[in-house]
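Everything in the sequence shown is counted per my numbering, starting at 285 for the first residue and increasing by one.
In this text, a Cβ means the ideal position worked out from N, Cα and C, and glycines have one as well.
Small disclaimer: the values here were computed from a predicted structure and weren't measured.
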Amino acid sequence: MASRDQEGQRLPVMQPPLFELGSDGKLRGAVGFLPVLTPDSSLDVARFWFRRYLEQSGHPPNTVKSYSYDLAVFESLVGPKPIREIDERDVATFLNESRGRSTRKRRLTTLSTFYKFLITRAKVVEIDPTAAFYSDRIPLKTPQPLFADEQARLLEAAAAEGPRTHLAIWLMLRLGLSRHEVIALRAAHIDWSDPEHPIVYVFAEQPKRRLRERKLAANRELTEIYHQLVEEEGPQDRLVPILPQSLNKMVERVAKAAGIEKLVTPQTLRHTFAVEQAKRGATEDELLELLGLADDARNRLSVQRYLRLAAPPIEPRGVTSERNAR
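Written as structure tokens, this is what we have:
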């Protein structure tokens with residue numbers, strides 16, 4: 285609550301300087317410095333230094349927020365004990381309070397990354413209390429791509445809503461861009477030199493995502509959608525300047541307008557793109573490259589599912605002959 289003088293007038297807020305110039309000509313902290321990270325530091329202090337490390341390392345903001353939230357919950361369970369006294373029992377309590385396997389896996393990832401920082405970067409502890417724990421394997425969900433008629437209806441409904449919606453849906457469905465890639469895409473990232481064959485450059489703003497950078501060949505349809513957008517709304521910078529949640533709602537809204545009853549998300553459109561590319565002959569390695577996926581075991585399992593979905597249907601014995609007879 286703001287302070288007031290005897291006459292009821294609001295007093296000016298005084299903010300002390302963070303630093304002052306000392307007599308020796310050096311800057312000195314007037315408010316105070318954050319404590320140095322040591323084995324006797326509290327989780328509160330360690331969390332600050334860990335967050336600072338994540339931000340300076342270029343981790344995505346959502347990852348930083350997720351780790352910070354998990355560690356805040358961990359601190360509420362552990363209490364004020366110093367980080368050197370945290371043991372396997374504390375970790376077990378934290379993991380056992382998880383409501384599901386995905387939460388448990390995320391919490392263990394958070395603590396493992398946190399202790400990797402404390403041991404290898406900060407060098408304030410030597411023992412990792414998470415080393416004895418293993419995350420539960422979460423099976424990949426089977427993708428449900430859109431069929432050809434559903435794709436056509438979706439694009440038609442997107443065009444009816446407007447060129448920006450049409451552009452967003454087209455980029456995910458026809459080029460396989462992820463939700464965050466669509467939101468980050470700028471007009472300057474597309475080479476319009478050849479209107480018949482524009483080239484979309486997918487850049488990563490975060491260093492951790494640099495392996496996902498790629499360039500994708502588009503066609504005249506993209507040029508026409510973009511020109512319509514410029515004609516209606518003027519020159520563009522960010523092509524789809526909305527929040528991730530808004531993009532989710534856009535896809536849901538357009539799918540409903542298209543009369544598609546199955547669940548449709550931005551990831552559904554990416555799945556559909558991958559399956560269509562597999563039908564056209566894309567290999568496992570090519571799918572990894574097209575989607576901007578790192579070459580690891582889990583991602584290879586993902587693209588193998590696309591290849592299986594793209595394979596010709598298996599015809600039971602007798603079905604072919606019955607169809608030919610008709």
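TODO: Give the single residue among T549, F334 and F332 whose Cα lies nearest to the Cα of P429.
DONE: T549
Task: Helix, strand or coil at A578 [DSSP, three-state] - done: coil
- [ ] Could you tell me whether the Cβ atoms of H464 and P528 are closer together than 9 Å?
- [x] yes
TODO: Flag this pair as yes or no: are the beta carbons of L438 and I453 separated by less than 9 Å?
DONE: yes
Open item on the list: Quick check on DSSP: helix, strand or coil for I509?
Closed with: helix
- [ ] Could you check which residue in V408, L585, T552 and A594 has the C-alpha nearest to that of A566?
- [x] A594
Task: For S352 and F332, the rounded distance between their alpha carbons - done: 9 Å
TODO: State buried or exposed for I367, treating a residue as buried only when at least 16 other CB atoms are found within 10 Å of its CB.
DONE: buried
Open item on the list: Let me confirm a value: Q340 is counted as buried when at least 16 other C-beta atoms fall within 10 Å, else exposed. Which label applies?
Closed with: exposed
Task: Residue from D433, G384 and V408 whose Cα sits closest to the Cα of P323 - done: V408
TODO: Taking only heavy atoms of the ligand ZN into account, decide whether any of them is closer than 8 Å to the Cβ of R592.
DONE: Only the bare structure without any ligand can be found here, which leaves the ligand ZN out of the picture.
TODO: Report, in whole angstroms, the separation of the C-beta atoms of L571 and D579, which I expect to be a contact under 8 Å.
DONE: 11 Å between Cβ atoms; not a contact.
TODO: Mind reading off the beta-carbon distance from P413 to E381? Whole number of angstroms is fine, and I expect it under 8 Å.
DONE: P413 to E381, Cβ: 16 Å. No contact.
Task: Closest residue to A444 among S360, Q512, M456 and T552 (Cα-Cα distance) - done: Q512
Open item on the list: Could you check whether G460 and A558 sit closer than 9 Å to each other, using their CB atoms as the reference points?
Closed with: yes
Task: Neighbourhood of P597 by C-beta distance below 7 Å, restricted to the same chain and skipping five residues each side - done: none
Task: Same chain only: Cβ atoms within 7 Å of I509, ignoring 5 sequence neighbours per side - done: P447, H450, L451 and W454
Task: Reduced DSSP secondary structure (H/G/I, E/B, other) of L523 - done: coil
Task: Candidates E410, E505 and A471, of which the one nearest P519 by Cα - done: A471
Open item on the list: Taking 8 Å as the limit between beta carbons, can you name the residues of its chain near I370, skipping five residues before and five after?
Closed with: L327, V362 and P413
- [ ] Report the rounded CA-to-CA distance for P502 versus P344, giving the unit in angstroms.
- [x] Residue identity differs from the one stated: residue 502 is Ala in this sequence, not Pro. If I take the Cα positions, the gap works out to 28 Å.
Task: Exposure of F378, with buried meaning 16 or more beta-carbon neighbours within 10 Å - done: buried
Task: Reduced DSSP category for A442 - H, G, I as helix; E, B as strand; rest coil - done: helix
- [ ] Give me the Cα-Cα distance between H555 and P427, rounded to the nearest whole angstrom.
- [x] 6 Å
- [ ] Label E434 either buried or exposed according to how many other C-beta atoms from any shown protein chain fall within 10 Å of its C-beta, with 16 as the threshold for buried.
- [x] buried
TODO: Could you tell me whether the Cβ atoms of R385 and D354 are closer together than 9 Å?
DONE: no
Task: Inside the region 311-389 only - beta strand (DSSP E) runs reaching at least 3 residues - done: 311-313
Task: For A330 and P364, the rounded distance between their alpha carbons - done: 12 Å
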